[in-house]
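Note sheet for the following structure.
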Amino acid sequence: MTDQLFLSTMQGIKSTQTPIWMMRQAGRYLAEYRAVRAKQTDFISFCLNPEQASAVTLQPIARYGFDAAIIFSDILMVPWAIKRNVQFKTGIGPLLDAMDKPDDIDRSCLRRLDEKLAPVGKALELTKTALQGKTALIGFAGAPWTLITYMAEGGSSRDFPKARQWAWQETKALEGLLSILVEATVSFLSLQAKAGADVLMLFDSWASAVPASQRDWLVVKPARSIVEGVRANGHRQPMIGFPRGIGEGLIQYAAESGVDSVGLDHGVDPVWAGKNLPAKMPVQGNLDPLSLLNAGPEMFRDIDHILDAFHDRPHIFNLGHGITPPTPVENVQKMIDHIRNR
Ligand code: CP3
Numbered sequence: 063m064t065d066q067l068f069l070s071t072m073q074g075i076k077s078t079q080t081p082i083w084m085m086r087q088a089g090r091y092l093a094e095y096r097a098v099r100a101k102q103t104d105f106i107s108f109c110l111n112p113e114q115a116s117a118v119t120l121q122p123i124a125r126y127g128f129d130a131a132i133i134f135s136d137i138l139m140v141p142w143a144i145k146r147n148v149q150f151k152t153g154i155g156p157l158l159d160a161m162d163k164p165d166d167i168d169r170s171c172l173r174r175l176d177e178k179l180a181p182v183g184k185a186l187e188l189t190k191t192a193l194q195g196k197t198a199l200i201g202f203a204g205a206p207w208t209l210i211t212y213m214a215e216g217g218s219s220r221d222f223p224k225a226r227q228w229a230w231q232e233t234k235a236l237e238g239l240l241s242i243l244v245e246a247t248v249s250f251l252s253l254q255a256k257a258g259a260d261v262l263m264l265f266d267s268w269a270s271a272v273p274a275s276q277r278d279w280l281v282v283k284p285a286r287s288i289v290e291g292v293r294a295n296g297h298r299q300p301m302i303g304f305p306r307g308i309g310e311g312l313i314q315y316a317a318e319s320g321v322d323s324v325g326l327d328h329g330v331d332p333v334w335a336g337k338n339l340p341a342k343m344p345v346q347g348n349l350d351p352l353s354l355l356n357a358g359p360e361m362f363r364d365i366d367h368i369l370d371a372f373h374d375r376p377h378i379f380n381l382g383h384g385i386t387p388p389t390p391v392e393n394v395q396k397m398i399d400h401i402r403n404r
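Quick note on numbering: the sequence shown equals residues 63 to 404 in the numbering used here.
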């Protein structure tokens, strides 16, 4: 309930209580979110409206008393700021200008990035004030590889054929694109740190698509450069990396990316993670969000299994991916009550 629990856990301290928040906690499963959303003209302007973005960030805190708030924004704000013409279409998802080659863009796209993303900073400032130090505030960005999957295809895709082909055939140009996105991400996270984020999270949602032999340069090194860049800018906030779907690759990611904590998707066996990740590293996760649709005995069993697996390491309870729109709000409360009353 206080940011002390979440932040002390992020700093590696194990408490009797486990802090809780959920990825996509501000979103369509909440009627109060849908009410605000219905009044918005488009999703990007919504993210760039500090008052509205802050208001929906606070909704799940008011309803559930989560231990952390995550700023309402999107990983595609960086592609938007570097002029990829990002739009969100209802029923389709994100649409962007697709790229033919990784060197379709150059560093000039980085001009005025901070100015364009300043409203996200303003939203963090408003939220920070409203939280009164009682709840921790998380800022975030998408990792370069995941952004590239959207930028290459021009939207969501199932197998990311273009980005994956670039990884084999356009290595030099892709290096260039990665470095532009590393720079953009360092700026965006630094802006959020300056605006009052207590913790920063890096979403590599499609790290799962990277062949194991290419993980180092496409996933681990960019994360490391981002952590180093944020630190070089003087920001000390703990950082969480979420390289979704990389399985045993988490061992290298945890050891070499420089993040303070890793997020686990629900494909990771918590007992395996407990044994194989650095002993004092805080971990976050990893209940399957779909278990919340009916909140049956299997869900409670899984919650217990996760909490037991991490009983001797700092652990932040979360889902393995974002909560889905059809989730009944009362089932989220049941999950929270079960964790808090154990
Ligand atoms: O977690 C939170 O509550 C904070 C806000 C947040 C959003 N997106 C708001 C959002 C966060 C952390 C994200 C991250 C994000 N966005 C990721 C990484 C995490 C993940 O899910 O893997 C990705 C891949 C995106 C890109 C994105 N944004 C897609 C593909 C879509 C469309 C599909 C969908 O789920 O609707 C979005 C839109 C989006 N971002 C919504 C929200 C609440 C729904 C749009 C709406 O309300 O109309």
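For each residue, glycine too, the CB sits at the ideal point set by N, CA and C. From a predicted model like this one, the values you see are computed outputs, not experimental measurements.
Assuming residue i contacts residue j under a Cβ cut-off of 8 Å, what Cβ separation, rounded to an integer in Å, is found between them?
i, j, result
"Val-140", "Ala-203", "6 Å"
"His-328", "His-400", "Their Cβ separation, rounded to whole angstroms, is 17 Å, which puts His-328 and His-400 out of contact at 8 Å."
"Ser-319", "Gly-303", "5 Å"
"Leu-349", "Asp-364", "6 Å"
"Ala-178", "Ala-143", "Contrary to the premise, residue 178 reads as Lys rather than Ala in this sequence. That belief holds up - the Cβ atoms of Lys-178 and Ala-143 are roughly 4 Å apart, short of 8 Å."
"Val-261", "Gln-299", "6 Å"
Measuring straight from C-alpha to C-alpha, what distance separates residue i and residue j?
i, j, result
"Asn-356", "Val-394", "10 Å"
"His-373", "Val-330", "17 Å"
"Ala-269", "Ala-316", "14 Å"
"Glu-360", "Pro-351", "13 Å"
"Ile-398", "Asp-165", "47 Å"
"Pro-340", "Ala-100", "45 Å"
"Phe-134", "Ala-88", "7 Å"
"Lys-224", "Thr-233", "13 Å"
"Leu-67", "Thr-80", "8 Å"
"Leu-264", "Val-321", "9 Å"
"Ser-353", "Tyr-91", "14 Å"
"Leu-175", "Asp-370", "44 Å"
"Gln-121", "Ile-200", "15 Å"
"Arg-86", "Ser-275", "31 Å"
"Gly-217", "Asn-403", "42 Å"
"Met-161", "Ser-107", "24 Å"
"Met-72", "Val-272", "28 Å"
"Val-248", "Gln-254", "10 Å"
"Leu-280", "Gln-314", "13 Å"
"Pro-376", "Val-118", "28 Å"
"Phe-250", "Met-343", "25 Å"
"Ile-210", "Tyr-126", "35 Å"
"Ile-288", "Ala-294", "10 Å"
"Glu-290", "Glu-94", "38 Å"
"Ala-214", "Asp-129", "36 Å"
Where do the N-terminal and C-terminal ends of the alpha helix (DSSP H) with residue i fall, by residue?
i, result
"Asn-338", "332 to 338"
"Gly-291", "283 to 294"
"Leu-253", "233 to 256"
"Gln-395", "391 to 402"
"Pro-359", "359 to 371"
"Ile-313", "311 to 318"
"Val-98", "93 to 100"
Over what stretch of residues does the beta strand (DSSP E) that includes residue i continue unbroken?
i, result
"Ile-200", "198 to 204"
"Leu-280", "Per DSSP, Leu-280 belongs to no beta strand (DSSP E) and is neither H nor E."
"Ile-106", "Looking at the DSSP string, Ile-106 is not in any beta strand (DSSP E); the run it does join, the alpha helix (DSSP H), is 105 to 109."
"His-377", "377 to 381"
"Met-301", "301 to 305"
"Val-324", "323 to 325"
"Phe-405", "Absent from the model: residue 405. The displayed extent of the chain is 63 to 404, so no value can be given."
"Asn-356", "Run containing Asn-356: none; DSSP gives neither H nor E here."
"Gln-346", "345 to 349"
So is residue i in contact with chain D if we call contact Cβ pairs under 7 Å?
i, result
"Arg-375", "This model lacks chain D altogether; it includes just one protein chain."
| said: I'd like the ranges of any beta strand (DSSP E) spanning at least 3 consecutive residues and lying wholly in the stretch 111 to 199. | reply: Runs of the beta strand (DSSP E) inside the stretch 111 to 199: 130 to 132, 149 to 151 and 155 to 157.
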